DNA sequence: CAGTTATATTAGGATAATCGAATATAATTA
DNA sequence: TAATTATATTCGATTATCCTAATATAACTG
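Protein chains in written order, with this note's numbering: chain A, 1 to 110; chain B, 1001 to 1110.
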């Protein structure tokens, strides 16, 4: 078992293991954003968003660039969006399967 | 912000947020495995492997099928391996970039 | 310089993840 | 049925994550 590699992969996965951090990355998919632009869309405090950005920075998934008073964040590797897309289709299919299973159980009562 | 969708996506990501769980999935990539086959390859106790399998089951990423005394586990969605592949290349590039950055800093002392 | 805006960091408490140890369950074999 | 093998679950302690509140830093504005 390639412990070191798996540790690093799980570190990246851990960075995605929070809905707010996924929401942040989804915003960055559409281009650079400062925290002040994220604040209204995410339902989280400024401090909390900064903390989640720190986690994403720590995992090397985002980087910021100062522009006057603001700091513009961007994704450092576009492939993270492919990961998000895959997670979305996996989730989507899981929901569909669960719905089908429920429907077939319910149809028995007829 | 689509809170529900992001919660489900982050749940899947959280299941990947541990090196042992990634190692388990990598074993399952090569086919069905029982816990007793995982035990020597992973450096973890039987109980601990069972606990990680429970986490993967809870996220719907693996399923087990009893076969006599053993329970054969398999991945429920092959696309999870695409996620692992992406995490691997992202990690690989991050390492390379860090190495290049270090090398260029070291070359200054000449 | 004083005040303001944008962001980051720290501290503290609550919740969750992790692991080892012990125990439970389930199938098999003697 | 007793012993054995394979796996799961529970408990408790430790560590990590998360959030809010407060404070710090940094750049801009008057």
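Built from N, CA and C at the ideal position, the CB exists for glycine as well.
All values reported here derive from a predicted model rather than from experimental measurement.
Under the three-state DSSP convention, the category residue i falls into
i	result
residue 1074(B)	strand
residue 29(A)	helix
residue 67(A)	strand
Length of the line joining the Cα atoms of residue i and residue j
i	j	result
residue 1088(B)	residue 5(A)	8 Å
residue 1023(B)	residue 1031(B)	13 Å
residue 91(A)	residue 9(A)	20 Å
residue 44(A)	residue 19(A)	11 Å
residue 1073(B)	residue 1082(B)	19 Å
residue 108(A)	residue 1077(B)	27 Å
residue 1055(B)	residue 7(A)	17 Å
residue 1084(B)	residue 46(A)	32 Å
residue 27(A)	residue 1101(B)	28 Å
residue 1071(B)	residue 48(A)	43 Å
When the options are compared against residue i, the one with the closest alpha-carbon
i	options	result
residue 1069(B)	1084(B), 1003(B), 1036(B), 1097(B)	1036(B)
Cutoff 9 Å: residue i Cβ touching any chain B Cβ
i	result
residue 88(A)	yes
residue 91(A)	yes
Closer than 9 Å to chain A by CB, residue i
i	result
residue 1007(B)	yes
residue 1105(B)	no
residue 1051(B)	no
residue 1102(B)	no
residue 1013(B)	yes
Identify each residue in the stretch 54–84 of chain A for which the Cβ-Cβ distance to at least one residue of chain B is less than 8 Å, and report them in chain order. 60, 77, 79, 80, 82, 83, 84
Given a limit of 7 Å on CB to CB distance, which residues of the stretch 1031–1045 of chain B reach chain A? 1041, 1042, 1043
Along the stretch 1016–1027 of chain B, where does the CB come closer than 9 Å to a CB of chain A? Name the residues. 1016, 1017, 1018, 1019, 1020, 1021, 1022, 1023, 1026, 1027
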